[in-house]
Amino acid sequence: AVQPCVVAEGCGWLVLFKPAMCVCDLEDDNVGVAHYVVNILGLSSDAVCHRLDRGTSGLVLVATSTPAQIVLVSQRDRRVWQKGYVALIHGWLPSSHAEGTLEYPLRKEVSEARFGRTVVDEAAGLPATTQYVVIRRYKCGPSASPMTLVGVRIFTGRRHQIRVHLSQLAQELGLAPAGIVGDRQYTLGSTPAAAQLPFNHASEMAQEFIPVRLCLHSCFLAFSEPSSEAWVRVECGLPPGFDKLLSHGLAPEPFAPGDLAPRGVDLDVGTCMQKWFLQNAQPGASRFAVKRPDAVPPRGVVSARSEARLEERRACGRSRSPRPSPRSPRGEAVGGGA
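Last residue of the sequence shown: number 439 in the numbering used here, and the count goes up by one each step with no gaps.
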């Protein structure tokens, strides 16, 4: 598995890029976000302020001191953070549903398995809010299977929230398969062979292997810096596999009324998403932009740069063992959603 890497840092915090299929928890001593934080950065695994699903790529916020961890987790629990994602789903969302807010209550199913399912439960589910907008519609290769690229903002952090909400929306609209491309757990009406087709076509057109992945990417994260309270915004472009699936495996359709991207221009996912996310972002934020996560310098380069900031980190009260993350009053760990 590919290891994460540092893409932005400040006093008391840093942000990692997590590749798809890289775990956040300490499941394996040799790979993953927690391993990187503990063994490379020298922090406690509790310094990781939130989680992304194994298959989701993108931005993860890490505290580098105990005081900063307390502040950042408090912001998370009070829903101060702003988090944005890009997802590719099966089917075309109609113009009548080019944007909207999903508020299906979610409940974790009781299961002996460590990673159970999350289901929509109007009676016993916890509140969950997801906002989405259509960026562009596509057809996939020879099969001409319809797909829609959407931008997503979440205001709660339930486990698998985006995946379940988008699948439920697709089912209600009668789309089949119903769910995110590459999501074998929540996409209804698909088979492993069918899920492989768009990636096979993209691999053929790009003349390189593009592995199947969950097409969900955390591309936007904004929070208040613990020490200065200045607003910080980190943006991350699409990783190579996701980007090449769009550029080589899919044919874009003409823009439709209600789409996020302006009509008559070529799609620039980053520009479109930035415009949408910034509608509700704090003004005057410090901005860190990572256009190509595959081009991030290796850890050795980042470490050399960070050496110059070692004293600054110490001045911010860096600690090896931040306190464990608090849990919500109802016992559910907060800060997921993807």
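Built from N, CA and C at the ideal position, the CB exists for glycine as well.
Annotated three-state conformation of Y186 is strand, per DSSP.
Contact check between the segment 200-209 and the segment 219-228: three or more CB pairs, one atom from each, fall below 8 Å, which counts as touching. Excluding the 5 residues flanking it on each side, A307 has same chain C-beta neighbours closer than 6 Å at K345 and H349, in chain order.
The Cβ atoms of V235 and E273 lie no closer than 8 Å to each other.
One Cα belongs to D284, the other to R238, and the distance between them is close to 19 Å. In the DSSP assignment, L346 falls outside any alpha helix (DSSP H), carrying neither H nor E. Apart from sequence neighbours up to five positions away, the residues of its chain that approach K240 with a beta-carbon distance below 8 Å are S246, P247, M248, L351, A352 and E354, ordered along the chain.
Under DSSP, no beta-bridge partner is assigned to T288.
Shown here, L207 sits in a strand according to DSSP, grouped into three states.
Rounded to whole angstroms, the separation of the alpha carbons of V187 and G338 is 10 Å. Excluding five sequence positions before and after Q176, the CB atoms of its chain that fall closer than 8 Å to its own CB belong to W182, F324 and S325, given in chain order. Taking C-beta separations shorter than 6 Å and ignoring five residues to either side along the sequence, the partners of S291 in its chain run P278, following chain order.
As computed with DSSP, Q232 is found in a beta bridge with T202 and R254.
Collapsing the DSSP output to three states places S196 in a helix. Residue L173 holds the alpha-carbon nearest to the alpha-carbon of W332 among Q286, L173, D178 and G226. For F310, there is no enclosing beta strand (DSSP E), as DSSP marks it with neither H nor E.
Secondary structure of S175 (DSSP, three-state): helix. The way I'd put it, the segment 223-235 doesn't touch the segment 160-171; fewer than three beta-carbon pairs between them come closer than 8 Å. For V107, the uninterrupted beta strand (DSSP E) run begins and ends at C106 to G111, by DSSP. Short of 6 Å from the beta carbon of A357, and not among the five residues preceding or following it, lie these beta carbons of its own chain, in chain order: S196. If you ignore the 5 residues before and after V124, its C-beta comes within less than 6 Å of the C-beta of G133 and R155, all in its own chain and listed in chain order.
The DSSP-derived three-state label of H151 is coil.
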